[in-house]
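Residues in the sequence shown are numbered from 5 upward in steps of one, following the working numbering. Scroll down for the structure; my scribbles are underneath it.
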Amino acid sequence: MKKRLLVLVMAAAAAFSMTAYAGSGRTLDEIQKDGKIVMATNAEFEPFEYKDDDKIVGIDVDIATAIADELGVDLEISDIAFESTIPALQAGKADFIAAGMSVTEDRKKNVDFTDPYFNASQAILVAKDSDITGRDGLNGKTVGVQTGTTGDSYCTDEDGTSDVKVGEVKRYEKGMDAVSDLIAGRIDAVIIDNFVAGKLAEKNPDKVVKLDEALTEEEYAMALPKGSELTAKFNDILAELTESGKLDEIESKYLGDGTTGGETEAETEAE
Ligand code: GLN
5 MKKRLLVLVM AAAAAFSMTA YAGSGRTLDE IQKDGKIVMA TNAEFEPFEY
55 KDDDKIVGID VDIATAIADE LGVDLEISDI AFESTIPALQ AGKADFIAAG
105 MSVTEDRKKN VDFTDPYFNA SQAILVAKDS DITGRDGLNG KTVGVQTGTT
155 GDSYCTDEDG TSDVKVGEVK RYEKGMDAVS DLIAGRIDAV IIDNFVAGKL
205 AEKNPDKVVK LDEALTEEEY AMALPKGSEL TAKFNDILAE LTESGKLDEI
255 ESKYLGDGTT GGETEAETEA E
């Protein structure tokens, strides 16, 4: 009897440690044995991840491909809603997230971030004839945001700290759909990441303008399960890609004219 109880306790302990282990994601060894690493993203975010015909391309895809190459595995992309990326990572459905994801204190409770690789901001898009000329102009207005993004949190003002108080927030799965509503006059502005905003404005040059003033300053990083042994490895590879100039090369390939995301704090420190 005693022995059986001990076996039960041991089984319970083993099950517990396995759950704890699964929570920190697959190990490098497991990924290499499988031959592929799975990236969660939302491919509606040009120039970081978007569809070119049926292929998913972009800055994040190229960086992730370079990381997968370095690890000696193939890259598999899981294209899902942006707000589903963290739950997918936590459920073990993906090994990492590369989705133009900004580092926030709130997300840090659920994921581990790599060192940042890109400086970004939440930009303001308005209709060409709009009287909104800067961030203060958003007070009391109806704005469109992408669900679950930093632009969404800022405009929704969850913690009451946002200095600009918008009137109403409309949420969209795709930035492009928000821009359609902006053009149709259903909303007063769209809040979306600056380079994505630039692409959207470029596509509608007669109707949409990106304002010079931004709403927030942010940094992009890749996200891994909490406690993942891969984070340090990703940081080493990101540092190598920065040092070799490969990161700048990838960025200017998509941003044009030698434009890059600028130096993140981590990159400056590395010098
Ligand atoms: N950078 C924003 C965020 O992290 C938006 C990212 C996205 O829509 N892919 O919330």
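Here a beta-carbon is modelled for each residue, glycine too, at the ideal position from N, C-alpha and C. Every value quoted in this text rests on a predicted model; they were computed, and no experiment measured them.
Note down the Cα distance separating residue i from residue j, rounded to an integer number of angstroms.
i, j, result
"residue 243", "residue 169", "39 angstroms"
"residue 257", "residue 121", "16 angstroms"
"residue 143", "residue 171", "7 angstroms"
"residue 124", "residue 139", "16 angstroms"
"residue 223", "residue 37", "33 angstroms"
"residue 25", "residue 201", "Model confidence at residue 25 stands at a pLDDT of 44, short of 50, so the residue's coordinates are unreliable and nothing is read from them."
"residue 141", "residue 80", "42 angstroms"
"residue 117", "residue 92", "15 angstroms"
"residue 137", "residue 215", "7 angstroms"
"residue 193", "residue 199", "16 angstroms"
"residue 219", "residue 59", "32 angstroms"
"residue 228", "residue 52", "18 angstroms"
"residue 182", "residue 33", "42 angstroms"
"residue 159", "residue 173", "7 angstroms"
"residue 133", "residue 180", "19 angstroms"
"residue 27", "residue 191", "41 angstroms"
Please classify residue i as buried or exposed, where buried requires at least 16 neighbouring CB atoms within 10 angstroms.
i, result
"residue 95", "exposed"
"residue 4", "What is shown of the chain runs 5 to 275, which leaves residue 4 out entirely."
"residue 265", "buried"
"residue 131", "buried"
"residue 207", "exposed"
"residue 39", "exposed"
"residue 197", "buried"
"residue 156", "buried"
"residue 267", "exposed"
"residue 30", "buried"
"residue 2", "Coverage of the chain is limited to positions 5 through 275, which leaves residue 2 absent and any answer about it impossible."
"residue 255", "buried"
"residue 50", "buried"
"residue 64", "buried"
"residue 263", "exposed"
Going by CA-CA distance only, name the one from the options that's closest to residue i.
i, options, result
"residue 236", "42, 75, 217, 131", "75"
"residue 126", "106, 110, 188, 80", "106"
"residue 148", "135, 178, 82", "178"
"residue 152", "135, 213, 89", "89"
"residue 84", "180, 189, 54, 39", "54"
"residue 217", "195, 226, 91", "195"
"residue 225", "109, 29, 204", "109"
"residue 78", "35, 231, 241", "35"
"residue 176", "97, 228, 48, 42", "48"
"residue 111", "205, 154, 97", "154"
"residue 42", "72, 98, 233, 261", "98"
Following a CB-centred definition, is residue i positioned closer than 7 angstroms to any heavy atom of the ligand GDP?
i, result
"residue 94", "As far as ligands go, the structure on display features the ligand GLN and does not contain the ligand GDP."
In this structure, how does DSSP classify residue i when only helix, strand and coil are distinguished?
i, result
"residue 107", "coil"
"residue 162", "coil"
"residue 91", "helix"
"residue 56", "strand"
"residue 121", "coil"
"residue 143", "strand"
"residue 2", "Limits of the chain in this structure are 5 at one end and 275 at the other, which puts residue 2 out of reach."
"residue 195", "strand"
"residue 102", "coil"
"residue 180", "helix"
Cβ contact (3+ pairs, closer than 8 angstroms) linking the region 57 to 69 and the region 97 to 104: yes
Counting pairs of Cβ atoms below 8 angstroms between the region 152 to 165 and the region 244 to 251, do you hit three or more? no
Are three or more beta carbon pairs between the region 203 to 216 and the region 176 to 193 nearer than 8 angstroms? yes
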